[in-house]
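Reading through the structure tokens given below for one structure.
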Amino acid sequence: MATASRIALITGANKGIGLETARQLGRLGITVLLGSRDAGRGAAAVADLAKDGVSASVLPLEVIDEPSIAAAAARVATEHGRLDILINNAGILDHAAETGPESTTLATYRRVFETNFFGLIAVTQAFLPLLKKSPAGRIVNLTSILGSCAEHSDPNSPIFQARYTAYDTSKAAVNLYTIELALALAGTPIKVNAAHPGWVKTDLGGDQAPLGVVEGARTTVALATLGAEGPSGGFFHQGVHMRW
Ligand SMILES: NC(=O)c1ccc[n+]([C@@H]2O[C@H](COP(=O)([O-])OP(=O)(O)OC[C@H]3O[C@@H](n4cnc5c(N)ncnc54)[C@H](OP(=O)(O)O)[C@@H]3O)[C@@H](O)[C@H]2O)c1
């Protein structure tokens, strides 16, 4: 598929992996709509991209606010008439509130699920009619190795000791949603995949992370630009299939 005319929306794209994903997709000639819940942070991100010669526009989008999502979808419908790539990137991890499965509060679970899981579903459902108008729709859901049941239950896994339980369970839920949505859309041109970006230096990933955002965005960009022969319903990190 030619890249010139593709239109991509990235949620939570004003910083971190989302912003770098915007940069990499923009460099491929893809029209980038930079989802941001804050107008000022969105404008600053667009200015940052412009310094690198990448043009993008801000799409105001708060993923836990249904009127905001509806307004964003209506705007894309009016201005573009379709969407080719949806990247569900917005996510939160509240390190201080993650005290383990015995004591993390229900309020924390609800808050984390609201953004990481319910927000992702709301955005996906709102934009699906526009993705169905694309000749080759692509949905990429940012999950994590921390959402893998297989990794958490394997004593040899590097994340065996990790207990960010609200975050972990929200990403596990996204993984299963990814599988079911991909199956539901089988027979259409739309491909749906889950991405583990790696442990990446961002506000969420922290300073100790081994990867920078350039490497961190690679898995998302590869899945967003899959050809017709590419997989759907998979969970990937840099081209390698992750265990669910
Ligand atoms: N970094 C890692 O090591 C790592 C590893 C595995 C998976 N991931 C996943 O990768 C994705 C991006 O993470 P990151 O490391 O780039 O995090 P980040 O730097 O903290 O960026 C998160 C982005 O999500 C936005 N966001 C959060 N809640 C939102 C909401 N309710 N509505 C709209 N936007 C919202 C933030 O906007 P504001 O600036 O307005 O808060 C920000 O733009 C997340 O889904 C994360 O779970 C990251």
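Sequential numbering of the sequence shown, starting at 94, is according to our numbering. From the three backbone atoms N, C-alpha and C, an ideal C-beta is built for every residue, glycine too. Treat the numbers as computed from the prediction; the structure is a model and nothing was measured.
C-beta atoms of residue i and residue j nearer than 9 Å
i: LEU102; j: GLY128; result: yes
i: HIS334; j: GLY323; result: no
i: LEU142; j: ARG116; result: yes
i: VAL314; j: VAL293; result: no
i: ALA259; j: ALA190; result: yes
i: LYS288; j: PHE206; result: Per the sequence shown, residue 288 should be read as Ala rather than Lys. No, Cβ-Cβ distance for ALA288 and PHE206 is not below 9 Å.
i: GLU98; j: THR124; result: Here residue 98 is Ser; the residue named in the question, Glu, does not match the sequence. Closer than 9 Å, so yes.
Residue i versus residue j - alpha carbon distance
i: VAL156; j: PHE211; result: 9 Å
i: THR197; j: VAL285; result: 31 Å
i: ASP158; j: LEU213; result: 11 Å
i: LEU126; j: ILE178; result: 10 Å
i: LYS226; j: ALA317; result: 16 Å
i: GLY135; j: PRO290; result: 22 Å
i: THR201; j: ARG256; result: 14 Å
i: GLN301; j: SER250; result: 19 Å
i: VAL139; j: VAL147; result: 8 Å
i: MET94; j: LEU221; result: Residue placement at MET94 is poorly supported in this model, since its pLDDT is 45, which falls under 50; the coordinates are not used for a value here.
i: GLN331; j: LEU199; result: 34 Å
i: THR281; j: THR171; result: 23 Å
i: THR96; j: TYR270; result: Here the model assigns THR96 a pLDDT of 44, short of 50, so the residue's position is not dependable, and the following value carries that caveat. So the alpha carbons of these two residues sit roughly 28 Å apart.
i: ALA167; j: PRO303; result: 39 Å
i: LEU118; j: GLU195; result: 41 Å
i: ALA215; j: THR295; result: 25 Å
Assumed close pair residue i, residue j - CB separation to whole angstroms, cut-off 8 Å
i: VAL100; j: HIS173; result: Val is not the amino acid found at residue 100; the sequence shown has Ile there. Right, their Cβ atoms sit about 5 Å apart.
i: SER241; j: ARG311; result: With a Cβ gap of about 19 Å, SER241 and ARG311 do not count as contacting.
i: GLY109; j: LEU297; result: 7 Å
i: ASN209; j: GLY193; result: About 18 Å; that fails the 8 Å criterion.
i: LEU223; j: VAL151; result: Contact flag wrong, Cβ pair sits at about 18 Å.
i: ALA229; j: ALA321; result: 7 Å
i: LEU319; j: ARG231; result: 6 Å
Selected residue, minimal CA-CA separation from residue i, among the options
i: LYS144; options: LEU276, ARG120, ASN249; result: ARG120
i: ASN182; options: SER250, ASP247, LYS264; result: LYS264
i: GLY299; options: ASP187, PRO222, ARG204; result: ASP187
i: LEU176; options: LEU199, THR217, GLY146; result: THR217
i: THR262; options: LEU276, ILE238, ALA277, ASP131; result: ILE238
i: ALA106; options: GLU308, SER161, ILE180; result: ILE180
i: SER338; options: ALA132, VAL147, ALA140, ALA149; result: Beyond the ends of the chain as shown, which are 94 and 337, falls residue 338; an answer cannot be given.
i: LEU278; options: ALA215, GLY332, SER325, SER246; result: SER325
i: VAL233; options: ARG130, GLU308, ASN268; result: ASN268
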